[in-house]
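Quick notes on the structure that follows.
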Amino acid sequence: MNRQTKANLALLGVSMLWGSSFVISKNTLDHLQTFNFLAIRFILSGMICSIIFYKKMLTLNRRTMLHGTIIGTVLFFAYGLWAYGLNFTTASKSGFIIGFSVVIVPLLSALILKKIPPRASIAGALVALIGLALLSLDGSAPLQKGDLFTLAAAFLFALHIITIGKFTLTADSFALAIVQISVVGLLSLPVTLIWETPVIPTAGTVWLNLALLIVLSTAVAYIVMNHMQKYTTPTQTALIFTTEPVFAAVFAFMLLGETLKPQGVVGSILILCGMIIAETNWNKILRRQQNSL
């Protein structure tokens, strides 16, 4: 098994962890307010990562600190909107709406670089947008508030992917991941102290959920993502992450009993198709077919 295959399998594991985190987070948010939840999750995760990779942190330079802070700030706003929105929508719908960020990435990159996006990206975005409309307007409500907050979060998660791609090539991936995780926690702390009524949970089930999120969905996932992205292509990474909403829907069905209405199922499939259309290298496929003739 070559390095790229190992990296792709590791990223698939990350996608599964993040898919499960929608359900675990929704359960945890029944007991904790949004930024109280984020502060505990990311501060403890940052501490654990710093202890495990303390040698990396000892050599942390100003450049990596700056880039990690920028990425972490984007991630803070993304998670804040996502976690707040999750209070008002289902875990499965949240997963598919966040998955829309994969389609947004090439469009947002083109906008930042002032270039016309590839036709496949435009086509994929249109297909996914139709799917998003069907999913959000599935007859359960005119338009749920949680869906709008989650959609805003999807744009910021797309920006997060872009900033990681820009900065991870010139920085230590472990240190960069730890800084951004810590920044999310440190920014969440004053917000919960000022605008919420923070509590330290006492229920064992809440701490079990938090432990899974802190260790697996945050510490392990972000370390693996930042490290393994170096050994595979951005297209491969994006295609792998299209499985995240599928995992979210599967876990939501198994653990919460959530089901989508027929219109929502069609919308989810269209979002998934749009993601694949946008991230597939169609020119390469056409060249292979022409060469095989």
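The sequence shown begins at -16 in the working numbering and counts up by one. Every residue, glycine too, gets a C-beta built ideally from N, C-alpha and C.
- Exposure of M237 is indicated by the presence of fewer than 16 other C-beta atoms within 10 angstroms of its C-beta.
- Assignment of beta strand (DSSP E) within the segment 210 to 255, counting only whole runs of 3 or more residues, yields no such run.
- T201 is positioned such that its CB atom lies closer than 9 Å to that of S28.
- Comparing alpha-carbon positions, the option among L117, G114, I95 and V86 lying closest to R102 turns out to be V86.
- Using a Cβ-Cβ distance cut-off of 8 Å, the segment 183 to 200 and the segment 59 to 72 are not in contact, since fewer than three pairs of beta carbons, one from each stretch, lie closer than that value.
- Annotated as distal: G82 and E262, with beta-carbon spacing of 9 Å or more.
- A distance below 8 Å between beta-carbons, with the five flanking residues on each side excluded, links V182 to the following residues of its chain, in chain order: L15 and N19.
- With distances taken between CA atoms, L139 lies nearest to S84 out of N10, S84 and I99.
- DSSP places H14 in the coil class of the three-state scheme, outside both helix and strand.
- The alpha carbon of A136 has as its nearest neighbour, out of N209, L172 and V57, the alpha carbon of V57.
- Residue D130 holds the alpha-carbon nearest to the alpha-carbon of L118 among D130, P184, A108 and G107.
- Under a 10 Å Cβ-count criterion, L152 is classified as exposed, with fewer than 16 other Cβ atoms of the shown protein chains found around its own Cβ.
- By the neighbour-count definition (other C-beta atoms within 10 Å, threshold 16), Q163 is a buried residue.
- Cβ-Cβ distances below 7 Å link D155 to K39 and T47 in the same chain, with the five nearest sequence neighbours on each side left out; the list follows chain order.
- The beta carbon of F234 sits closer than 8 Å to those of G2, S3, F5, V6 and A74, all from its chain and outside the five residues before and after it, given in chain order.
- In its chain, beyond the 5 residues on either side, V86, L90, G257 and A261 have a beta carbon closer than 7 Å to the beta carbon of A108.
- Under the rule that a run must span 4 or more residues, the alpha helix (DSSP H) segments found entirely inside the segment 159 to 219 read 187 to 194 and 204 to 211.
- Contact between I26 and L159 does not hold, since the beta-carbon distance rounds to 18 Å and is not under 8 Å.
- Secondary structure of F79 (DSSP, three-state): helix.
- Separation of T185 and G55 (C-alpha to C-alpha, rounded to the nearest whole angstrom) is 29 Å.
- Straight-line spacing of the CA atoms in I252 and N44 works out to 44 Å.
- The DSSP-derived three-state label of A154 is coil.
- Here M(-16) is exposed: its Cβ has fewer than 16 other Cβ atoms, across all protein chains shown, within 10 Å.
- A residue is called buried when at least 16 other Cβ atoms come within 10 angstroms of its Cβ; Y205 meets this threshold and is buried.
- For R24, the number of other beta carbons within 10 angstroms of its own is at least 16, and it is reported as buried.
- As the crow flies, the alpha-carbon of L222 is around 38 Å from that of E179.
- The three-state secondary structure of T133, taken from DSSP, is helix.
- Per DSSP, T263 lies in no alpha helix (DSSP H) and is assigned neither H nor E.
- Considering only W65, I145, N70 and K244, the residue with the shortest C-alpha distance to L94 is I145.
- Counting only the Cα atoms, A22 lies some 8 Å from L170.
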